[in-house]
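In the numbering used here, the protein residues as written are 10 to 485.
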Ligand SMILES: Nc1ncnc2c1ncn2[C@@H]1O[C@H](COP(=O)(O)OP(=O)(O)OP(=O)(O)O)[C@@H](O)[C@H]1O
Ligand SMILES: [Mg+2]
């Protein structure tokens with residue numbers, strides 16, 4: 010069906026230039042979708058959207074009809090209207106793409122970077138969407154959500170197609186599955202990294218969280234391969250996965266079996282067995298999760314027909330993932346900046362660090378405000394298990410009292426003698442650097458690639474890496 014005809018179903022008599030939820034992004038000919046969010050109500054911005062050139066406005070609480078050249082569409086469920094309109098607008102390109110969806114609690118970002126590296130190495134031009142950024146060749150499009158809302162996401166994908174990048178490695182968050190932000194998309198393959206508790210503020214229960222993640226199975230094109238980390242107990246025993254027609258497994262057991270692993274502060278190397286043959290992998294990244302995330306990506310590429318050798322080379326080429334186990338050496342002290350912000354991620358991060366040569370382990374961390382608070386004591390507990398000195402500080406407190414967040418974390422720590430509480434993150438990092446002796450490892454967890462801190466409703470510039478470097482330089 011012709012695009013313009015398809016638009017009729019949405020009450021539109023033209024092909025929109027774009028679909029926008031943010032009135033500031035409207036260009037002449039856009040459709041403005043008024044969505045009521047947690048903090049803002051799109052209906053309050055309708056006049057601004059029209060001033061900026063919106064040719065149509067859709068919302069649950071608009072008065073329908075055409076006024077002063079602008080079409081008003083009233084719809085009972087704006088999110089469904091928006092997702093489906095966005096898909097129909099861009100579908101000609103979307104249908105022709107090879108999309109790979111990565112879901113799981115942790116490891117999505119790192120895994121999509123591996124996929125990106127592997128497919129581009131194999132000369133299959135691949136773009137990427139995710140938490141840190143959206144990437145089409147050399148074009149970096151800033152990212153607000155792990156999985157953008159449908160209008161933004163599909164615009165990026167469609168642009169990727171137009172620029173010749175017909176493959177895309179995508180991070181698929183559970184929020185996006187639940188809200189159907191990937192409405193209409195069909196994946197040519199997927200990866201389940203792991204499932205542990207997170208976002209329990211958003212999902213009603215662990216079952217609800219797992220079930221929303223499982224929705225990805227229904228988005229696979231013709232039983233495309235789904236790669237499963239079998240070392241994750243919840244994934245290994247999940248009935249829906251067991252029933253899925255085309256799973257490929259990896260882990261200590263599985264189709265791709267991890268054998269020896271060795272970690273240094275800047276590298277991880279391992280051997281895996283696939284179809285009775287053994288392969289060596291030398292990554293330029295470290296952390297036990299780099300092993301898992303790279304092998305998941307290799308398994309997917311192989312399941313899609315790539316040779317194991319090419320897939321391994323592609324994974325080995327990846328230089329770094331911003332803010333994931335980013336290690337810097339400052340004299341004889343190693344500093345690792347990592348985005349770990351769940352109990353499981355912290356535990357895995359610290360267990361990996363423990364395997365490196367070290368004297369003391371000093372960990373600086375906090376927890377985000379206005380988000381899942383049940384994980385806070387568990388984060389404290391995970392850090393205590395492996396650290397010699399814990400410095401509990403602020404992450405993004407948002408509108409919560411930072412002291413209150415720290416109190417929650419401390420509830421999980423049994424021996425507070427080895428624990429320092431310094432609310433100001435800059436001061437906390439300074440204290441860690443000042444306390445470190447030769448051979449020590451400092452871990453700064455929680456913010457990774459982020460270059461800001463959210464204090465109240467304000468976003469101020471802040472980068473863990475920059476702070477560390479500045480403090481070391483001051484001390485020279
Ligand atoms: N396979 C893994 N298993 C457990 N922890 C991991 C794994 N991969 C990465 N991590 C840890 O979790 C942190 C977050 O990883 P990553 O950013 O890749 O996750 P994500 O799934 O993209 O998270 P988000 O939902 O925030 O986008 C890393 O910095 C690391 O500490
Ligand atoms: Mg991510």
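Beta carbons: idealized from backbone N, C-alpha and C, even for Gly.
> So, using beta-carbon positions, are residue 302 and residue 183 closer together than 7 Å?
Replying inline: On the chain shown, position 293 is the one that residue 302 refers to. On the chain shown, position 174 is the one that residue 183 refers to. Result no, Cβ atoms of residue 302 and residue 183 do not sit closer than 7 Å.
> Assuming residue 449 contacts residue 368 under a Cβ cut-off of 8 Å, what Cβ separation, rounded to an integer in Å, is found between them?
Replying inline: Within the chain shown, numbered from 1, the residue matching residue 449 stands at position 440. Within the chain shown, numbered from 1, the residue matching residue 368 stands at position 359. Confirmed, Cβ separation roughly 5 Å.
>> For residue 277, report the span of its alpha helix (DSSP H) as first-last.
In response: Position 268 of the chain shown, counting from 1, holds the residue named residue 277. Per DSSP, residue 277 belongs to no alpha helix (DSSP H); it is in the beta strand (DSSP E), 277–283.
> Straight-line CA distance for residue 48 to residue 379?
Replying inline: As a working mapping, residue 48 is identified with position 39 in the chain shown. As a working mapping, residue 379 is identified with position 370 in the chain shown. Each residue's alpha carbon lies about 12 Å from the other.
> Using a Cβ-Cβ cut-off of 7 Å (strictly less than) and excluding sequence neighbours within five positions of residue 412, which residues of its own chain qualify?
Replying inline: Numbered from 1 along the chain shown, position 403 holds the residue referred to as residue 412. Once the five neighbours on either side are set aside, the close Cβ partners of residue 412 are 432.
> Counting by C-beta, which residues lie closer than 6 Å to a heavy atom of ligand 2, in chain order?
Replying inline: 117, 118, 139, 140, 155 and 180
> Which term fits residue 291, buried or exposed, when burial requires 16 or more other beta carbons within 10 angstroms of its beta carbon?
Replying inline: Taking the chain shown and counting its residues from 1, one reaches residue 291 at position 282. It is exposed - the Cβ of residue 291 has fewer than 16 other Cβ atoms within 10 Å.
> Nearest-angstrom Cα distance between residue 382 and residue 405?
Replying inline: For the purposes of this step, residue 382 is identified with residue 373 of the chain shown, where counting begins at 1. For the purposes of this step, residue 405 is identified with residue 396 of the chain shown, where counting begins at 1. Distance between the alpha carbons of residue 382 and residue 405: 13 Å.
> DSSP state of residue 418, grouped into three classes?
Replying inline: Numbered from 1 along the chain shown, position 409 holds the residue referred to as residue 418. Residue 418: helix per DSSP, three-state reduction.
> Should residue 237 and residue 201 be called a contact, given that it needs their Cβ atoms to be closer than 7 Å?
Replying inline: By one-based count along the chain shown, residue 237 stands at place 228. By one-based count along the chain shown, residue 201 stands at place 192. Yes, the pair counts as a contact, with Cβ atoms nearer than the cut-off.
> By how many angstroms is the C-alpha of residue 147 removed from the C-alpha of residue 320?
Replying inline: Locating residue 320 in the chain shown gives position 311, counting from the first residue. Locating residue 147 in the chain shown gives position 138, counting from the first residue. Spanning the two alpha carbons is a distance of roughly 22 Å.
> In the DSSP assignment, what are the bridge partners of residue 470?
Replying inline: The residue you call residue 470 lines up with position 461 of the chain shown. 461, per the DSSP bridge assignment.
> Should residue 249 be labelled buried (16 or more other beta-carbon atoms within 10 Å of its own) or exposed?
Replying inline: The residue given as residue 249 occupies position 240 in the chain shown. Looking at its Cβ environment, which holds fewer than 16 other Cβ atoms inside 10 Å, residue 249 is exposed.
> Could you check where the beta strand (DSSP E) with residue 343 kicks off and where it finishes?
Replying inline: Locating residue 343 in the chain shown gives position 334, counting from the first residue. Where residue 343 is concerned, the enclosing beta strand (DSSP E) stretches over 342–347.
> For residue 180, which residues does DSSP report across the bridge?
Replying inline: Taking the first residue of the chain shown as position 1, residue 180 is located at position 171. Answer is 111.
>> With distance defined between alpha-carbon atoms, name the residue in 230, 51 and 83 nearest to residue 254.
In response: Translated into the one-based positions of the chain shown, residue 254 becomes position 245. The shortest C-alpha separation from residue 254 is found at 230.
>> In whole angstroms, give me the CA-to-CA distance for residue 117 and residue 155.
In response: Your numbering for residue 117 matches position 108 in the chain shown. Your numbering for residue 155 matches position 146 in the chain shown. Between residue 117 and residue 155, the C-alpha separation is close to 9 Å.
> With a CB to CB cut of under 6 Å and the five nearest residues on each side skipped, what residues in its chain are close to residue 451?
Replying inline: Along the chain shown, one-based indexing puts residue 451 at 442. The residues are 344, 371, 441 and 445.
> Do the CB positions of residue 28 and residue 101 come within less than 7 Å of each other?
Replying inline: Within the chain shown, the letter at position 19 stands for residue 28. Within the chain shown, the letter at position 92 stands for residue 101. In this structure, residue 101 does not lie closer than 7 Å to residue 28 by Cβ.
> Thinking C-alpha only, which one of 317, 464 and 460 is nearest residue 130?
Replying inline: Residue 130 sits at position 121 when you count from the first residue of the chain shown. Taking only the C-alpha atoms, the option nearest residue 130 is 317.
> Taking one C-beta from the stretch 324–334 and one from the stretch 460–470 each time, how about it: are there three or more such pairs within less than 8 Å?
Replying inline: no
> Among all the DSSP beta bridges, which residues are the ones paired with residue 335?
Replying inline: Taking the chain shown and counting its residues from 1, the one referred to as residue 335 is at position 326. DSSP lists 346 as partners of residue 335.
> Below 7 Å between beta carbons: does that hold for residue 40 and residue 30?
Replying inline: Stepping through the chain shown from its first residue, residue 40 is reached at position 31. Stepping through the chain shown from its first residue, residue 30 is reached at position 21. No, they are not a contact pair.
> Going by the C-beta, is residue 202 closer than 6 Å to any heavy atom of ligand 1?
Replying inline: One-based indexing of the chain shown puts residue 202 at position 193. Residue 202: yes, Cβ under 6 Å from ligand 1.
> If you compare alpha carbons, which of 167, 38 and 88 is closest to residue 99?
Replying inline: Working through the chain shown from its first residue, we reach residue 99 at position 90. Taking only the C-alpha atoms, the option nearest residue 99 is 167.
> Sorry if obvious, but does the Cβ on residue 166 come closer than 6 Å to a heavy atom of ligand 1?
Replying inline: Position 157 of the chain shown holds residue 166. No; taking the cut-off as 6 Å, the Cβ of residue 166 has no heavy atom of ligand 1 nearer than that.
>> Am I right that residue 222 and residue 112 are in contact with their C-beta atoms under 8 Å? What's the rounded C-beta distance?
In response: Along the chain shown, read from residue 1 onward, the residue named residue 222 stands at position 213. Along the chain shown, read from residue 1 onward, the residue named residue 112 stands at position 103. Indeed, because the Cβ distance is near 5 Å, the residues count as touching under 8 Å.
> So what's residue 431 in DSSP terms, helix, strand or just coil?
Replying inline: Here residue 431 refers to the residue found at position 422 of the chain shown. In the structure shown, residue 431 sits in coil (DSSP, three-state: anything other than H, G, I, E or B).
>> Assuming contact is defined by CB atoms lying nearer than 7 Å, are residue 375 and residue 455 in contact in what I supplied?
In response: Translated into the one-based positions of the chain shown, residue 375 becomes position 366. Translated into the one-based positions of the chain shown, residue 455 becomes position 446. Contact: yes.
>> Does the stretch 165–181 come into contact with the stretch 263–279, if we say contact requires no fewer than three beta-carbon pairs (one atom in each stretch) closer than 8 Å?
In response: no
> Helix or strand or just coil, what does DSSP make of residue 288?
Replying inline: Numbered from 1 along the chain shown, position 279 holds the residue referred to as residue 288. If DSSP states are grouped into helix, strand and coil, residue 288 belongs with the strands.
> Run through DSSP, which three-state label would residue 451 get?
Replying inline: Within the chain shown, residue 451 is the residue found at index 442, counting from 1. Three-state DSSP puts residue 451 in a strand.
> By how many angstroms is the C-alpha of residue 482 removed from the C-alpha of residue 151?
Replying inline: Within the chain shown, the letter at position 142 stands for residue 151. Within the chain shown, the letter at position 473 stands for residue 482. Each residue's alpha carbon lies about 30 Å from the other.
>> Would residue 190 and residue 163 be called neighbours here (beta carbons separated by less than 7 Å)?
In response: To locate residue 190, count along the chain shown from 1; it is residue 181. To locate residue 163, count along the chain shown from 1; it is residue 154. No. Outside cutoff.
> If you draw a straight line from the C-alpha of residue 13 to the C-alpha of residue 24, how long is it?
Replying inline: Your numbering for residue 13 matches position 4 in the chain shown. Your numbering for residue 24 matches position 15 in the chain shown. Cα-Cα distance, rounded: 6 Å.
> residue 128 by DSSP, collapsed to three states: which one?
Replying inline: What you label residue 128 is simply residue 119 of the chain shown in a count that begins at 1. It is helical.
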